[in-house]
Amino acid sequence: MSELSSWRELLGQIASSSADRERLANEIGVRPITLNRWITGESVPRPHNVRQLVQALPKQHRSRFLELLGEEQDLASDQLPTDPPAEIAYQFIMQVLDVLATSPDTLRFWTVSRLIIQHALRRLDPERVGMAITVVRCMPPSSVGGKIRSLRECLGQGTPPWEADLETKSMFLGAESLAGYVVSTCYPRAVQDLAAETTLVPARRTENEVSAMASPILYANRVAGCLLFSSTQPNYFLSQNRLSLIHGYTRLATLAFDPSEFYPPEKIELYMMPSPAQQQQHLATFRQRVHTIMTEALNTHRLLNNMQAEQMAWQQVEEELIRIFHQSNFSEDQGSTF
Numbered sequence: 001m002s003e004l005s006s007w008r009e010l011l012g013q014i015a016s017s018s019a020d021r022e023r024l025a026n027e028i029g030v031r032p033i034t035l036n037r038w039i040t041g042e043s044v045p046r047p048h049n050v051r052q053l054v055q056a057l058p059k060q061h062r063s064r065f066l067e068l069l070g071e072e073q074d075l076a077s078d079q080l081p082t083d084p085p086a087e088i089a090y091q092f093i094m095q096v097l098d099v100l101a102t103s104p105d106t107l108r109f110w111t112v113s114r115l116i117i118q119h120a121l122r123r124l125d126p127e128r129v130g131m132a133i134t135v136v137r138c139m140p141p142s143s144v145g146g147k148i149r150s151l152r153e154c155l156g157q158g159t160p161p162w163e164a165d166l167e168t169k170s171m172f173l174g175a176e177s178l179a180g181y182v183v184s185t186c187y188p189r190a191v192q193d194l195a196a197e198t199t200l201v202p203a204r205r206t207e208n209e210v211s212a213m214a215s216p217i218l219y220a221n222r223v224a225g226c227l228l229f230s231s232t233q234p235n236y237f238l239s240q241n242r243l244s245l246i247h248g249y250t251r252l253a254t255l256a257f258d259p260s261e262f263y264p265p266e267k268i269e270l271y272m273m274p275s276p277a278q279q280q281q282h283l284a285t286f287r288q289r290v291h292t293i294m295t296e297a298l299n300t301h302r303l304l305n306n307m308q309a310e311q312m313a314w315q316q317v318e319e320e321l322i323r324i325f326h327q328s329n330f331s332e333d334q335g336s337t338f
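Start counting the sequence shown at 1; every next residue gets the next number (UniProt numbering).
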């Protein structure tokens, strides 16, 4: 390749064919005509488009492209793509340990998890292009020696277009989900484009979500759940620095759990869960269920605290959701025989 004078010229050579232009445009999330305008100088890409463009380029061209990009006057320095530092600061790790040391057992999960998620959002989405992070926990077995049949989103936060607090949006996940796949295999996995990517990995796309990654929360070869990351941008989880940060935050999240909440992989046998819309009517009755359980315990002179009542209510919901999914599948199978 001859000596190049601008990033536009390099981009033009990389996208010299219509197939290459279309591929790049699809990965960035723009039309091919927009890519042509960048090449010809008719328009300047926006900051988030620049970051996506760099990620979409062949690896052997990225360094030179960034050099040429930095020399241009039509792009401000704050438009240049930056990766977050790959390591979590020592001061924050000490802050997590301090919170862990001073929080009562009943508040440990919530205080440690919220602290980690808030810090992770600032580092992984500093320009607030749109990210959600959710803690997904294994639902404890309903009987001694039983299997883990589902997962539950317990705590989450996001940047626009997601709400700041995602707890009210929580739902049950199972074998149909990316989180379910990751917890079952105990191995992290990302889907870079939920709309276009064809993969054997199950993933149910939610509103605003374009790419997603789940990272299992592990301790002594056992699993308690996962951290689930969602982004409005395609290919957001290709960056090695982001992956390193996600790995670090997931390891810190282990501290939010009691050792008894980690289960050996052979205990994980997830069922399929109904769609979010089907779950809503059951989740909406949660508080009423807790009240009923507490009232019944009081009337029968049983000792039951609020945390135990909540767990029983979640198990009721789980049982109903499993039954609904399998009943609907059974009905469809019966109908197809006629």
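Backbone N, C-alpha and C define an ideal beta-carbon position, used for all residues, glycine too. Every value quoted in this text rests on a predicted model; they were computed, and no experiment measured them.
Tell whether a beta-carbon distance below 8 Å holds between residue i and residue j.
i           : j    : result
R87         : P234 : The sequence as given places Glu at residue 87; Arg does not occur at that position. No; because the gap between Cβ atoms is not below 8 Å, this pair is not in contact.
V135        : G156 : yes
residue 350 : F92  : Past the boundaries of the shown model lies residue 350; the chain is included only from 1 to 338, so the question cannot be answered.
L115        : M131 : no
R8          : G41  : yes
F172        : M272 : no
V191        : A179 : no
L68         : S170 : no
residue 353 : S142 : Only positions 1 to 338 of the chain appear in the structure, and residue 353 is not among them; the question remains open.
L194        : E209 : yes
A313        : F286 : yes
Could you tell me the alpha carbon to alpha carbon distance between residue i and residue j, rounded to whole angstroms?
i           : j    : result
A76         : G70  : Confidence at A76 is low in this model, with a pLDDT of 47, below 50, so its placement is unreliable and the value that follows should be read with caution. For A76 and G70, the distance between alpha carbons rounds to 9 Å.
G264        : V223 : With the sequence shown as reference, residue 264 is identified as Pro, and Gly is not the correct amino acid for it. Those two C-alpha atoms are separated by around 6 Å.
S211        : N221 : 28 Å
H247        : I217 : 10 Å
residue 385 : P276 : The requested residue 385 does not occur in the structure, where the chain is confined to residues 1 to 338.
L22         : H48  : The sequence as given places Glu at residue 22; Leu does not occur at that position. Spanning the two alpha carbons is a distance of roughly 19 Å.
S103        : E318 : 30 Å
I33         : S231 : 25 Å
L80         : R62  : Annotation note: pLDDT 49 at L80 (below 50); position unreliable, coordinate value reported separately. If you take the alpha carbons of L80 and R62, they lie about 12 Å apart.
V44         : R51  : 13 Å
F109        : L24  : 42 Å
L57         : M213 : 21 Å
G158        : R123 : 13 Å
Closest by CA to residue i, which one among the options?
i           : options                : result
A175        : E320, R289, L151, P188 : L151
E310        : E22, C154, A256        : C154
I148        : E269, T250, F262, A101 : E269
R251        : F172, S231, S113, K59  : S113
L53         : E67, S43, L35          : L35
P126        : T295, N299, P160, Q13  : P160
C138        : P45, Q118, C186        : C186
F325        : F286, Q278, G146, I117 : Q278
G225        : P140, A313, T300       : P140
I14         : R31, K59, R46          : K59
residue 363 : K267, L255, Q327, R189 : Nothing in the structure corresponds to residue 363, since the chain is present only between 1 and 338.
Y90         : T111, F229, H119       : H119
Would you verify that the beta carbon of residue i is, or is not, closer than 8 Å to some beta carbon of chain D?
i    : result
E153 : Annotation note: the requested chain D is absent from the structure, which comprises a single protein chain.
Quick check on the DSSP output: what are the complete alpha helix (DSSP H) runs of length 4 or more inside the stretch 142-229, in order along the chain? Annotation note: the stretch 142-229 contains the following uninterrupted alpha helix (DSSP H) runs of length 4 or greater, listed N- to C-terminal: 178-185.
I'd like the ranges of any beta strand (DSSP E) spanning at least 3 consecutive residues and lying wholly in the UniProt domain "Death" (1-73). Listed in chain order, nothing qualifies, since the UniProt domain "Death" (1-73) has no complete beta strand (DSSP E) run of 3 or more residues.
Considering only residues of the stretch 75-137, which uninterrupted alpha helix (DSSP H) runs meet the minimum length of 4 residues and lie entirely inside it, listed in chain order? Segments of the alpha helix (DSSP H) lying fully in the stretch 75-137: 90-102, 105-124.
Between the stretch 277-297 and the stretch 253-263, are three or more C-beta pairs nearer than 8 Å? The stretch 277-297 vs the stretch 253-263: no contact.
Every unbroken alpha helix (DSSP H) inside the stretch 243-328 [4 residues or more]: The qualifying runs are 276-283, 286-299.
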